[in-house]
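Participant:
Protein chains in written order, with the numbering used here: chain A, 1 to 253; chain B, 1001 to 1253.
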């Protein structure tokens, strides 16, 4: 019934899959040019319009980008978390969802990741977390450095959870929240807010390092509830602001 | 730094946003044809190549589909959970992630949704859940009906959680898992497995109806752990099977 494999594939879909298999099989790096159209027609033994349909399908899925101009043609692109974030943003915009809901999803997801991190973090991941917290502590006066380390901390916790699917989802949600936030507000923290965030991060790190999943979950919950309140009181219009897509084409490689 | 609004938008991106705003503002239904190119050039006051770039951008994001042929042109499309599922599948395939990880993500997400449903479900949602469980009970002999109601139950729980963002994510993960599952295995349940699933669904429903978040979370955890074990013992190769994209173009509207 629902599954994508429930019907026969079109010729162009089969070719699209073969091209993906080739990109992966040959470990083609991002930016690698695909063979010429003539060579691909030969390889896949299909008509020109079928091949073009396959390439267009791959382009729309973010697996190829088609360069225009004299030296143009399809080049390999790696699908990434921001693609997922964009797709999510658009669906939420079409459904008329408020920003507060994105924050609520973060509040549900990140504590789970913190709990999983306490169970799964490897030694090197704990070291990285420690380093990140230390750099936050020493950059309380430098808003930009502090902010970068702040984002990094949440990424490291997600990584340490050892669930690539949840990590990906969390990055996408983060991306959606960040996009709205950066579009809407000054991302700077006050010095007081930086101190509060640091204290929470230290607590979360300590719980993860101790392998205490319950404490790590609770600390992440506390941290996010705290920052939600701070945000909402500082930017009260954000609560009702609707999710809105900002197109983001890529800088030419 | 990271946010999409951190750089100035290109002209085509501004037009793309304006077109989205118009689709939403005018509540254009899926399948509605956009104005002619000439009319849009007039409306947006840009050059033809800028407009075409904007339309192509929207097509690649699933907001328009461009019909070919004599009666062709851009028509409105609604971005949906399966788009997100597809984007997720591709990223996971490029990262070489195993199917077991998708199941693990479901196991982390759905218990949270069940817990939230116990706190937020409205009367009408409880009725729907009840009806779904009843239909499962009376279709223990009909594999297809039972299977459809089984999927429906999980969708209803996600809806009742009252978090549109988590609901969307859960649908996308479900879509990824289903796609792999349907491609790989016979989706039928044995009669014994149907009875076990029904018993879990009854328990989950009872906990949600009682407003008991802890019990609902635990019951969903038990249900998913049970079905994971059943799947993995029945289809042991699934554990190591990698996530793989199946292209899915849409049937013409």
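Every residue, glycine too, gets a C-beta built ideally from N, C-alpha and C.
Can you tell me whether residue 1201 of chain B is buried or exposed? The criterion is at least 16 other CB atoms within 10 Å of its CB, across all chains shown.
Facilitator: Here residue 1201 of chain B is taken as the residue at index 201 of the second chain, counted from 1. So residue 1201 of chain B ends up on the buried side.
Participant: When you compare the CB of residue 17 of chain A with every CB in chain B, is at least one pair closer than 8 angstroms?
Facilitator: Within the first chain, the letter at position 17 stands for residue 17 of chain A. Output row for residue 17 of chain A: interface = yes.
Participant: Can you pull out the residues from the region 95 to 124 of chain A whose beta carbon lies closer than 7 angstroms to at least one beta carbon of chain B?
Facilitator: 95, 97, 101, 102, 104, 105, 108 and 112
Participant: Using the C-alpha atoms, what's the distance from residue 196 of chain A back to residue 162 of chain A?
Facilitator: Within the first chain, residue 162 of chain A is the residue found at index 162, counting from 1. Within the first chain, residue 196 of chain A is the residue found at index 196, counting from 1. Spanning the two alpha carbons is a distance of roughly 27 angstroms.
Participant: Short of 6 angstroms in beta carbon distance, which residues of its chain neighbour residue 1115 of chain B, apart from the five on each side in sequence? Order them along the chain.
Facilitator: Along the second chain, one-based indexing puts residue 1115 of chain B at 115. So the list reads 1213, 1216 and 1217, once near-sequence residues are dropped.
Participant: Spell out whether any CB of chain A is found under 8 angstroms from the CB atom of residue 1193 of chain B.
Facilitator: Locating residue 1193 of chain B in the second chain gives position 193, where the first residue counts as 1. No, its Cβ sits nowhere closer than 8 angstroms to a Cβ of chain A.
Participant: Does any C-beta atom of chain B lie closer than 8 angstroms to the C-beta of residue 186 of chain A?
Facilitator: Counting from one through the first chain, the residue named residue 186 of chain A turns up at place 186. Note that residue 186 of chain A has pLDDT 47, beneath the 50 cutoff, so the model's placement of it is unreliable and the number below is only indicative. Output row for residue 186 of chain A: interface = no.
Participant: Within 8 angstroms (strictly less), CB to CB, does residue 208 of chain A reach chain B?
Facilitator: Within the first chain, numbered from 1, the residue matching residue 208 of chain A stands at position 208. No, residue 208 of chain A lies away from the interface with chain B (no Cβ there is under 8 angstroms from its Cβ).
Participant: Quick one: grab the DSSP three-state call for residue 145 of chain A.
Facilitator: Here the question's residue 145 of chain A lines up with position 145 in the first chain. In this structure, residue 145 of chain A counts as helix in the three-state DSSP scheme.
Participant: Given this structure, state the Cα-to-Cα distance separating residue 172 of chain A from residue 27 of chain A, to the nearest angstrom.
Facilitator: In the first chain, residue 172 of chain A corresponds to position 172, counting from 1. In the first chain, residue 27 of chain A corresponds to position 27, counting from 1. One C-alpha to the other measures close to 25 angstroms.
Participant: So residue 1063 of chain B contacts chain A; which residues on that side make the cut at Cβ distance below 7 angstroms?
Facilitator: Position 63 of the second chain holds residue 1063 of chain B. By Cβ distance, chain A contributes 90.
Participant: Go ahead and label residue 1186 of chain B buried or exposed: buried means 16 or more other beta carbons lie within 10 angstroms of its beta carbon, across all protein chains shown.
Facilitator: Position 186 of the second chain holds residue 1186 of chain B. Residue placement at residue 1186 of chain B cannot be trusted, given a pLDDT of 47 that sits under 50; what the coordinates show is reported in the next sentence. With fewer than 16 other Cβ atoms inside 10 Å of its own Cβ, residue 1186 of chain B counts as exposed.
Participant: Where does residue 65 of chain A fall in DSSP's three states?
Facilitator: In the first chain, the residue the question calls residue 65 of chain A occupies position 65. Note: residue 65 of chain A maps to strand in three-state DSSP.
Participant: Measure how close the beta-carbons of residue 1177 of chain B and residue 1121 of chain B come, nearest whole angstrom, since I'm counting them as under 8 angstroms.
Facilitator: Taking the second chain and counting its residues from 1, the one referred to as residue 1177 of chain B is at position 177. Taking the second chain and counting its residues from 1, the one referred to as residue 1121 of chain B is at position 121. Contact between residue 1177 of chain B and residue 1121 of chain B does not hold, since the beta-carbon distance rounds to 24 angstroms and is not under 8 angstroms.
Participant: What first and last residue would you give for the beta strand (DSSP E) that runs through residue 1075 of chain B?
Facilitator: Reading the second chain from its first residue, position 75 is the one you call residue 1075 of chain B. Where residue 1075 of chain B is concerned, the enclosing beta strand (DSSP E) stretches over 1073 to 1076.
Participant: What three-state label does DSSP hand residue 106 of chain A in the structure shown?
Facilitator: As a first step, residue 106 of chain A must be located in the first chain, where it is residue number 106. Residue state, collapsed to three classes: helix.
Participant: When the cut-off is 8 angstroms and only beta carbons count, does residue 78 of chain A lie next to chain B?
Facilitator: For the purposes of this step, residue 78 of chain A is taken as residue 78 along the first chain, with counting starting at 1. Chain B, which has a Cβ nearer than 8 angstroms to the Cβ of residue 78 of chain A, makes this yes.
Participant: Considering only their Cβ atoms, is the gap separating residue 55 of chain A from residue 41 of chain A smaller than 8 angstroms?
Facilitator: Stepping through the first chain from its first residue, residue 41 of chain A is reached at position 41. Stepping through the first chain from its first residue, residue 55 of chain A is reached at position 55. No. Outside cutoff.
Participant: Run the CB neighbour count on residue 199 of chain A, radius 10 Å, all protein chains shown included, and call it buried at 16 or more, exposed below.
Facilitator: Within the first chain, numbered from 1, the residue matching residue 199 of chain A stands at position 199. Result: exposed.
Participant: Please look up how many angstroms separate the CB atoms of residue 1023 of chain B and residue 1076 of chain B, rounded, as I've assumed it's under 8 angstroms.
Facilitator: Position 23 of the second chain, counted from the start, is the residue given in the question as residue 1023 of chain B. Position 76 of the second chain, counted from the start, is the residue given in the question as residue 1076 of chain B. Going by Cβ atoms, the distance from residue 1023 of chain B to residue 1076 of chain B rounds to 6 angstroms, so yes, they are a contact pair.
Participant: Could you name the residues of chain A that residue 1087 of chain B contacts, counting a contact when the two beta carbons are closer than 8 angstroms?
Facilitator: Mapped onto the second chain, residue 1087 of chain B falls at position 87. Residues of chain A passing the Cβ test: 61, 62, 79, 83, 84 and 87.
Participant: Considering only residues of the same chain and omitting the five flanking positions on each side of residue 174 of chain A, which have a CB-CB separation below 6 angstroms?
Facilitator: As a first step, residue 174 of chain A is located in the first chain; it is residue number 174 there, counting from the start. If we look at residue 174 of chain A and ignore the five residues flanking it on each side, it has no Cβ neighbours.
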